Amino acid sequence: MKTAEELISISTTLYTLPKVYLEVKKVIDNPDATMADLSRAISIDPGMTATVLKLVNSAFYAMPRKVETISRAVGILGMQPVHDLTLAVAITRAFGQLDQQVMSMDVYWANSFFSGLVARELARRCFLVDSERMFVEGLLREIGHLIMYDQLPEQSEQALRESAQTGKPIHLVEQQQLGFDFTEVGQALVEAWQLPKNLGIAIRHQNQPS
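Position one of the sequence shown corresponds to residue 101 (our numbering), numbered consecutively onward.
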């Protein structure tokens, strides 16, 4: 039986964030960086550019007119929201080849995107200024499950089945059967990738809101 630490050790070798995101992170971490610096960092990857623009032009943002360039997207949304979008796209890429034995990736990402939308809307209704960050936290709240589905498919399927049959929350079933749950794995992965600490904390304590 693998431990949570062993899962992360294996997974950080198998799943790495795209180079374009690492460049974007350097820009965001630099207090002297400009919007032009961020636009250039994203634009080196045509695929990332196209995906981010597709998201910006989706009904999610309800732009009054089509946004055709990354620099325009950065100008409208701001640097942090565009960084967060890039991070979300980067992580979907990192897990793009995951075996769908336990969970359909289309279903997984559809559910995750819905969670992100709900988190963002709640943040707005509570007048939180960082609603886009809440979207990313909602989107990635179950990222630990991707690791578990890949590395522990049989155990993960068994836990899902028991949770469905008994109505017991999945994290409690996983703790009972494995000794850890998806929130621990998710936080460990976020920390291993050196992503914002608050993101890992939100993932870890999502079932303990108080």
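All C-beta atoms in this analysis are idealised placements derived from N, C-alpha and C, irrespective of residue type, glycine included.
Computed from a predicted structure; not experimentally measured.
Hey, is the segment 181-194 in contact with the segment 133-150, meaning 3+ C-beta pairs nearer than 8 Å? yes
Please go through the segment 214-276 and give each complete alpha helix (DSSP H) segment of 4 or more residues, from N-terminal end onward. 231-239, 243-251, 253-266
Alpha carbons only, please: which of E257, Q276, D250, I243 is nearest the one belonging to F282? Position 182 of the sequence shown, counting from 1, holds the residue named residue 282. Comparing Cα positions, the closest option is I243.
Find out if the Cβ-Cβ distance for the pair Q306, R241 is shorter than 8 Å. As a position in the sequence shown, residue 306 is number 206, starting the count at 1. As a position in the sequence shown, residue 241 is number 141, starting the count at 1. Cβ atoms of Q306 and R241: closer than 8 Å.
Boundaries (first-last residue) of the alpha helix (DSSP H) holding H183: Within the sequence shown, numbered from 1, the residue matching residue 183 stands at position 83. Its alpha helix (DSSP H) spans residues 179-194.
In whole angstroms, what is the alpha-carbon distance linking V120 and V156? Here residue 120 is taken as the residue at index 20 of the sequence shown, counted from 1. Here residue 156 is taken as the residue at index 56 of the sequence shown, counted from 1. So the two alpha carbons sit approximately 18 Å from each other.
Measuring CB atoms only, is the segment 139-157 touching the segment 202-220, in the sense that at least three cross pairs come out at less than 8 Å? no
Buried or exposed (CB count within 10 angstroms, at least 16 for buried), G186: If you number the sequence shown from 1, residue 186 lands on position 86. Checking the sequence shown, residue 186 turns out to be Thr, not Gly. It counts as buried.
May I have the straight-line CA-CA distance separating L278 from S263, to the nearest angstrom? Residue 278 sits at position 178 when you count from the first residue of the sequence shown. Residue 263 sits at position 163 when you count from the first residue of the sequence shown. Going by the C-alpha atoms only, they are around 14 Å apart.
If you draw a straight line from the C-alpha of F227 to the C-alpha of M203, how long is it? Taking the sequence shown and counting its residues from 1, one reaches residue 227 at position 127. Taking the sequence shown and counting its residues from 1, one reaches residue 203 at position 103. Roughly 35 Å separates the two Cα atoms.
Which same chain residues, not among the five before or five after L252, have their C-beta less than 7 Å away from its C-beta? As a working mapping, residue 252 is identified with position 152 in the sequence shown. Once the five neighbours on either side are set aside, the close Cβ partners of L252 are K102.
Report buried or exposed for Q285, applying the criterion of at least 16 other Cβ atoms within 10 angstroms of its Cβ. Translated into the one-based positions of the sequence shown, residue 285 becomes position 185. What sits at residue 285 in the sequence shown is Val, not Gln. Under this definition V285 is a buried residue.
Mark V218 as exposed unless 16 or more other C-beta atoms lie within 10 angstroms of its C-beta, in which case mark it buried. As a position in the sequence shown, residue 218 is number 118, starting the count at 1. Flag for V218 reads exposed.
Classify Q276 as buried or exposed, calling it buried when 16 or more other Cβ atoms lie within 10 Å of its own Cβ. Translated into positions along the sequence shown, residue 276 becomes position 176. The residue is exposed, with fewer than 16 neighbouring Cβ atoms inside 10 Å.
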